[in-house]
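The numbering of the sequence shown is our numbering, which starts it at 50 and goes up by one.
Positions of the beta carbon are idealized from the N, C-alpha and C atoms, including for glycine.
These numbers come from a predicted model, not from an experiment.
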Amino acid sequence: MKLVEEIHRLKVERNAVILAHNYQIPAIQDLADFVGDSLGLSLQAQATEAETIVFCGVHFMAETAAVLCPDKTVLIPDLEAGCSLASTITVDQLRTWKEEHPGAVVVVYVNCSADVKAEADYCCTSANALRIVESIAADREILFAPDMFLGEYIRENTERTIHVWMGECHVHAAIRPADVKSQLAQHPDAELLIHPECGCVSNVMWQLSKGDLPSDRTRITSTSGMVESIESSPAREFLVATETGILHQMRKRHPDRTFLPIKADAECMYMKMITLEKLARTLREGIYEVRVPEETAARARRALERMVAIH
Ligand code: 13P
Ligand code: SF4
């Protein structure tokens with residue numbers, strides 16, 4: 050409790066805002082000024098009047114805030130909080146891929162480095178990926194990186210020519226069709242909430258198209274999209290396919306309903322690196338600042354501004 054009080058005091062002294070992703074540990078989510086998905090956090094970063102943004106999430110999220118808010122100080126409590134998906138593509142790999150498809154429009158998922166974003170035309174999140182791709186002229190060839198499951202989801206739901214990079218997040222890729230099947234067998238009336246990064250998503254779409262899954266009880270959406278959809282759902286029980294940190298927001302907002310993970314060990318070790326102790330040290334000592342060189346930031350900003358404009 051003393052640590053939480055210290056964090057609140059230091060936050061005021063530093064004129065800071067604390068932004069936390071939905072996968073953060075409950076103690077961090079509970080003291081944050083805003084908890085949300087990648088898109089919501091980017092919008093909050095842009096909107097804040099605080100001088101300092103303390104980002105309780107992973108590195109690419111703090112980098113995104115630094116690019117979108119060049120006049121603010123952006124701090125992350127642990128620089129090692131990376132992302133296995135973001136690591137699946139380097140800027141050199143993206144340049145080579147672009148050379149193989151001259152004239153293609155490049156759309157990158159926000160889970161990538163600022164260097165990679167700087168080579169892209171558009172950036173998107175799981176909340177607006179379909180809308181971003183649909184905003185591109187229908188006759189243009191599209192390169193989508195780095196998540197193959199989200200890429201496949203976009204390809205299935207838009208009539209575009211899309212080449213997809215074969216990257217994956219180790220946490221979501223491990224959520225397989227068999228996990229969905231066995232949980233549904235035990236909870237046949239539950240509503241399904243599926244993140245489009247999941248390894249089960251193509252199979253879920255296929256089953257939906259055959260009528261083997263109920264379309265009125267299956268949602269494929271971002272983490273905050275999941276939380277928001279609960280409000281208007283009549284279901285009492287939900288099966289959730291994403292990182293288990295999201296269950297805290299769901300249970301907190303809807304204590305009268307039941308939320309079960311489709312895979313109980315779907316935990317992102319990077320998201321869990323942020324602790325109360327590290328957050329307090331960040332506010333005390335002003336570490337670690339996340340900066341993006343202006344030359345890279347200026348190019349990444351074009352793609353990111355298109356992302357935040359379509360929400
Ligand atoms: P959301 O933007 O849906 O919260 O997803 C972020 C993420 O890292 C998924 O693993
Ligand atoms: Fe990256 Fe996966 Fe962790 Fe999300 S859950 S931050 S995609 S490693």
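Practice task
Give the single residue among E54, A94, C105, Q93 whose Cα lies nearest to the Cα of Y72.
Solution key: Per the Cα distances, C105.
Practice task
Could you confirm whether any beta carbon from chain B is found closer than 8 Å to the beta carbon of Q256?
Solution key: Looking for chain B here will not work: only one protein chain is present.
Exercise for the section: Please state whether DSSP places Y202 in a helix, a strand or coil. Expected result: Judged by DSSP in its simplified three-state form, Y202 adopts helix.
Handout entry: Below 7 Å from a heavy atom of the ligand SF4 - residues by beta-carbon
Key = Those residues placing their Cβ nearer than 7 Å to any heavy atom of the ligand SF4 are, following chain order, Y72, V107, C132, S133, L134, A135, N160, C218, H219, V220, H221, E246, E292, C317, Y319, M320.
Practice task
Would you grab the beta carbon distance between R300 and F287 for me? Rounded to a whole angstrom, and I think it's under 8 Å.
Solution key: At roughly 10 Å, the Cβ-Cβ gap does not stay under 8 Å, so R300 and F287 are not in contact.
Exercise for the section: Return yes when the C-beta of T174 is under 7 Å from any heavy atom of the ligand 13P, and no when it is not. Expected result: Correct: T174 has its Cβ closer than 7 Å to the ligand 13P.
Problem - Nearest-angstrom Cα separation, counted from T137 out to R167 - result: The residue you asked about is not Arg; residue 167 is Ala in the sequence shown. Taking C-alpha positions only, A167 is separated from T137 by approximately 16 Å.
Practice task
List the endpoints of the continuous beta strand (DSSP E) containing H70.
Solution key: First-last of the beta strand (DSSP E) with H70: 65-70.
Practice task
State yes or no: is the C-beta of S264 nearer than 7 Å to some heavy atom of the ligand 13P?
Solution key: The nearest non-hydrogen atom of the ligand 13P is 7 Å or more from the C-beta of S264.
Exercise for the section: Work out the CA separation of E112 and T145 for me, nearest whole Å. Expected result: Across the structure, T145 and E112 are spaced so that their CA atoms are roughly 24 Å apart.
Handout entry: P75 in three-state terms, based on DSSP
Key = Correct three-state label for P75: helix.
Exercise for the section: Taking 8 Å as the threshold, find out whether the stretch 273-284 comes into contact with the stretch 232-250 through three or more Cβ pairs. Expected result: Contact between the stretch 273-284 and the stretch 232-250 is present, because at least three Cβ pairs lie under 8 Å.
Handout entry: P310, DSSP secondary structure in three states
Key = In the three-state reduction of the DSSP assignment, P310 falls in the strand class, which pools E and B.
Exercise for the section: Express the C-alpha separation of K259 and E129 in angstroms, rounding to a whole number. Expected result: If I take the Cα positions, the gap works out to 43 Å.
Exercise for the section: If I'm right that V116 touches G131 with Cβ under 8 Å, what's the distance once you round it to whole angstroms? Expected result: Actually they do not touch by this definition, with Cβ atoms about 17 Å apart.
Handout entry: Endpoints, the beta strand (DSSP E) within which I102 is located
Key = That run of the beta strand (DSSP E) goes 101-105.
Practice task
Taking the CB atoms as reference points, tell me whether T345 and D141 lie closer together than 8 Å.
Solution key: T345 is not a Cβ neighbour of D141, given a cutoff of 8 Å.
Problem - Top-ranked residue by Cα proximity to V53, from Y337, L325, R351 - result: Ranking Y337, L325, R351 by Cα distance to V53 puts L325 first.
Exercise for the section: Grab the span of the beta strand (DSSP E) containing E62 for me, first residue to last. Expected result: Segment 51-62 is the alpha helix (DSSP H) holding E62; no beta strand (DSSP E) there.
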